Amino acid sequence: DYELSSVTLPPGVTLSARGARFHRPAGSASTTVGIAVSHHDDSDSQGTLIEGVTLDGRRDEQGSFQNDELTNAHLVALHGDADRAGRLHVALESVGLESSTASGVFLGPGVDATLCRLHGADLWRDLVTLRGGGTRVDARELDASASLGTTGLWFDGQPAGYGGTHRIDVTVSDTQLASGD
Numbered sequence: 004d005y006e007l008s009s010v011t012l013p014p015g016v017t018l019s020a021r022g023a024r025f026h027r028p029a030g031s032a033s034t035t036v037g038i039a040v041s042h043h044d045d046s047d048s049q050g051t052l053i054e055g056v057t058l059d060g061r062r063d064e065q066g067s068f069q070n071d072e073l074t075n076a077h078l079v080a081l082h083g084d085a086d087r088a089g090r091l092h093v094a095l096e097s098v099g100l101e102s103s104t105a106s107g108v109f110l111g112p113g114v115d116a117t118l119c120r121l122h123g124a125d126l127w128r129d130l131v132t133l134r135g136g137g138t139r140v141d142a143r144e145l146d147a148s149a150s151l152g153t154t155g156l157w158f159d160g161q162p163a164g165y166g167g168t169h170r171i172d173v174t175v176s177d178t179q180l181a182s183g184d
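One rule links them: number in our numbering = place in the sequence shown (from 1) + 3.
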């Protein structure tokens with residue numbers, strides 16, 4: 004168990020943390036993201052792997068969140084650069100996402116992501132939110148539930164990705180979602 008405000012990984016790094024739990028400190032800033040990876044280049048990134056870790060957002064210890072006060076405090080945020088041609092290549096495998104005031108995994112434009120065996124519990128927003136063109140997601144074996152909040156999947160090609168594209172490519176298989184409200 005580790006209390007970590009946030010971790011920023013450069014593209015091409017592996018974070019293998021099987022059995023580790025990262026806890027968001029109480030009263031964290033509204034823009035604090037648990038694990039963030041971004042890529043700003045004209046060529047594609049090296050592959051990034053995040054595996055085995057559980058991120059606990061400690062939602063009830065963060066203050067008001069039900070009116071979108073902490074809507075950008077995602078547990079994992081992955082971004083490419085809409086002004087550059089390079090894409091962020093990333094894989095999340097066997098990652099736990101719990102008690103969030105925002106999305107479990109947020110994907111921006113210019114991301115090529117593989118999501119496998121993600122488990123979410125009591126996320127205020129969605130298990131996976133994709134907001135940005137030029138992103139490809141292959142999501143397998145997702146499992147999420149909530150007693151309060153949502154556990155859905157949100158896919159949107161806005162804002163535009165590189166070259167003004169709003170195109171997204173999403174494959175979802177073997178997924179179970181259950182909402183509490």
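Just so it is clear, CB atoms sit at the ideal spot from N, CA and C, and this is done for glycine as well. The model shown is predicted, which means the values in this text are computed figures rather than measured ones.
- Look at R120 here: in three-state DSSP terms it is coil, with no helix or strand label.
- Around the beta-carbon of P112, 16 or more other beta-carbon atoms lie within 10 Å, marking it buried.
- Short of 6 Å from the beta carbon of R139, and not among the five residues preceding or following it, lie these beta carbons of its own chain, in chain order: D115 and D172.
- Shortest Cα-Cα distance from L81 to any of P13, G30, R143 and S31 involves P13.
- A contact is defined here as three or more CB-CB pairs under 8 Å, and the region 124 to 137 meets this definition with respect to the region 60 to 69.
- Selection Q161, H26 and T117 evaluated against R143 yields T117 as nearest (Cα-Cα).
- Spanning the alpha carbons of T34 and S102 requires a straight line of approximately 16 Å.
- Annotation: T57 to G37 spans about 10 Å, alpha carbon to alpha carbon.
- G66 and L52 have their C-alpha atoms spaced approximately 31 Å apart.
- Residue environment: L151 is assigned as exposed (fewer than 16 neighbouring CB atoms within 10 Å of its CB, all protein chains considered).
- Taking all protein chains in view, the Cβ of A147 is crowded by 16 or more other Cβ atoms within 10 Å, so the residue is classified as buried.
- Per DSSP, reduced to three states, the secondary structure at D141 is strand.
- Under the three-state reduction of DSSP, G166 is assigned to helix.
- If the five residues before and after T168 are omitted, its C-beta is found closer than 7 Å to the C-beta atoms of G136 and G137, all from its own chain and listed in chain order.
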